[in-house]
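Novice:
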Amino acid sequence: AEARSAGASIGLVPTMGALHEGHGSLIRAACAENDYVVVSNFVNPTQFGPNEDLDAYPRDLAGDCRLAREIGAQAVFAPAVEEMYPSGTSATWVEVEGRLTSILCARSRPGHFRGVTTVVAKLFNIVGPCRAYFGQKDGQQAQVAARMVRDLFMPVEIRIMPIVREADGLALSSRNAYLNPEERTAALILSTALKGAEELMANGERNRGRIISFIVEEIEKEPLGSLDYAEIYSFPDLEELPETIEGSIFIAVALKFGRARLIDNLVVNL
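Here this note's numbering is used: the first residue of the sequence shown is 32, the next is one more, and so on.
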């Protein structure tokens with residue numbers, strides 16, 4: 032509030048902690064574009080299903096604060112669950128309805144996006160940011176947040192930043208910590224399959240079904256992975272596409288490796 036009253040611009044990086052270089056890239060972007068940067072650190076229970084990894088989700092608040100401080104954030108907001116949900120849950124929900132929250136991750140994680148938009152709305156009300164920073168790795172989540180802001184006329188600019196990857200191509204994720212060495216190697220199939228699909232399109236392939244079949248066949252070569260989905264939509268609105276695709280497209284995949292459910296995506300302009 033003091034920063035705002037002084038005319039400073041406020042940037043918010045919403046996270047669930049266990050920060051890595053992907054989060055670091057968001058914090059750097061926020062620091063470059065704002066006068067005052069807040070990193071929220073909250074493992075939000077309402078976006079986890081009953082059989083998901085809420086209790087096991089990695090937590091390292093001390094390390095997270097150290098990284099945020101080193102990069103240049105002015106504050107880390109790390110509330111307790113009781114602060115964000117005083118009655119134990121929420122009597123009021125913020126929910127984006129329609130196909131944007133019925134495809135991809137929404138199918139295997141019912142209620143997930145309602146939890147996301149509710150807690151993000153709470154964070155926006157608490158922090159009052161001018162800009163909020165999301166990673167393209169969680170591409171569907173970023174578009175859901177953008178739709179909420181647009182529909183409710185929230186005075187927040189949603190900034191979606193590029194995926195950060197390991198040198199071998201694996202998208203950075205806090206859930207990568209669940210992978211054993213064999214699963215870590217196997218998980219490269221996500222980026223490998225996406226890169227192969229990109230090369231296929233660069234060589235002229237435009238048939239949506241054939242591109243999806245290629246991705247599925249590539250992924251199924253890896254026995255440790257269990258495919259959740261491989262789908263193609265328009266970008267950024269994630270609408271259905273005709274069989275012959277063109278324009279800006281969003282290719283998304285999700286796989287399970289033991290305890291870890293990993294997602295990745297690619298945006299291609301045809």
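Even glycine gets a Cβ: it sits at the ideal position worked out from N, Cα and C.
It should be emphasised that the depicted structure is a prediction, and the values quoted were computed from it without experimental measurement.
Any beta carbon from chain B within less than 8 angstroms of A137's own beta carbon?
Specialist: In the displayed structure, chain B is absent; only one protein chain is listed.
Novice: Pop quiz: R178 and L131 are said to be a contact at Cβ under 8 angstroms. What is the actual Cβ separation, rounded to whole angstroms?
Specialist: 6 angstroms
Novice: Between A261 and Q105, what straight-line distance do the alpha-carbon atoms span, to the nearest angstrom?
Specialist: Cα to Cα, the separation comes out at about 39 angstroms.
Novice: What residue range does the beta strand (DSSP E) around A106 cover?
Specialist: A106 to F108
Novice: Can you tell me which of the three DSSP states D169 falls into?
Specialist: helix
Novice: Can you check whether the CB of F165 is closer than 8 angstroms to the CB of A185?
Specialist: The question names Ala, yet the displayed sequence has Met at residue 185. M185 is not a Cβ neighbour of F165, given a cutoff of 8 angstroms.
Novice: Would the beta-carbon of S56 fall within 8 angstroms of that of V187?
Specialist: No Cβ-Cβ contact shorter than 8 angstroms links S56 with V187.
Novice: Which whole-angstrom value describes the C-beta separation of H54 and V44, a residue pair presumed to lie in contact below a C-beta threshold of 8 angstroms?
Specialist: 7 angstroms
Novice: Residues bridged to M192 by DSSP?
Specialist: G166
Novice: May I ask you to report which of helix, strand or coil DSSP gives N296?
Specialist: strand
Novice: Give me, in chain order, the residues of the same chain whose beta-carbon lies closer than 8 angstroms to that of P212; leave out the 5 immediate sequence neighbours on both sides.
Specialist: none
Novice: Which residue's Cα is closest to the Cα of P68: R140, A37 and R162?
Specialist: Residue identity differs from the one stated: residue 68 is Val in this sequence, not Pro. When each option's Cα is compared against that of V68, the closest is R162.
Novice: Here's the rule: buried if 16 or more other CB atoms are within 10 angstroms of the residue's CB, otherwise exposed. What is S204?
Specialist: buried
Novice: What number of angstroms, rounded off, separates the C-alpha of S244 from the C-alpha of V74?
Specialist: 36 angstroms
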